[in-house]
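In the numbering used here, the protein residues as written are 13 to 269.
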Ligand code: ADP
Ligand code: MG
């Protein structure tokens, strides 16, 4: 059951090479120190462009830090990804901000592919049962033979959630998954995530919807311009307590990177 640690992690898009050519660089996140223990429910909040997606991608090993390291159970995540991309990847059930279902495959095929990666190839009947089970969890049973284009954006998000959960990964990483859902679906999804979390799964969720962050009252990490401004247990949206307030310079010292 993995503990995730970020040790002075920074991500700068378009680093030195681009800078020498006068291209303006983009700061993803800067000098993030963070520990997330197994079983935590963490909201990552902040304005658009504050670095939420970058932070989630770093945690999941989808992008390499420009500086610093990400450890999973004291092991360097990038090294783990190099050794076995699949083995490292199955630790994390992920949903990214942009939809990633394969458009030319049915829902069942999409989920079967994910199941084969997450738990290895098994008896087709077992895979089918797995697919049915996760579709039931997200309230989408009956959509097995549909193609993503036949579903609403909200329904596609639910299928993506089913796909993320199919191998029962210890950590779920969810980027703005409620953005296109109606209120009822949001609450259904949050109930489901709450249940899964109570059974021991870590949930890390980026959002800029304050309502349910405030109602759920879980750990809230607040990002501002790539810096962690707040990290509060049982926090509310926008809480910046729990950390020493830090000075954010408008021109961050990228020459240190
Ligand atoms: P958020 O998810 O909070 O909206 P992001 O992590 O997507 O924030 O982006 C943080 C910053 O990094 C933004 O300024 C954005 O322009 C920049 N950024 C993100 N991804 C890339 C990329 N692939 N290439 C260049 N800049 C990027
Ligand atoms: Mg984002």
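Yeah, the Cβ is synthetic: ideal placement off N, Cα and C, and Gly gets one too.
- At least one heavy atom of the ligand MG lies less than 7 angstroms from the C-beta of residue 109.
- Relative to the Cα of residue 236, the nearest Cα in the group 185, 20, 44, 26 belongs to 44.
- Fewer than three beta-carbon pairs drawn from the region 75–85 and the region 112–132 are found closer than 8 angstroms, and the two stretches are therefore not classed as touching.
- Residue 14 holds the alpha-carbon nearest to the alpha-carbon of residue 71 among 121, 124, 14, 117.
- The Cβ neighbour count for residue 150, taken over all protein chains shown within 10 Å, is at least 16; the residue is labelled buried.
- In this structure, the CA atom of residue 233 is about 13 angstroms from the CA atom of residue 65.
- Residue 206 counts as exposed, since fewer than 16 other C-beta atoms from the protein chains shown sit within 10 angstroms of its C-beta.
- Residue pairing by DSSP places residue 83 opposite 17, 88 in a beta bridge.
- Runs of the alpha helix (DSSP H) lying entirely within the region 195–262 and spanning at least 4 residues, in chain order: 195–210, 222–228.
- Secondary structure at residue 163: coil, using DSSP grouped into helix, strand and coil.
- Comparing C-alpha distances from residue 39 to each of 22, 148, 46 shows the shortest one belongs to 22.
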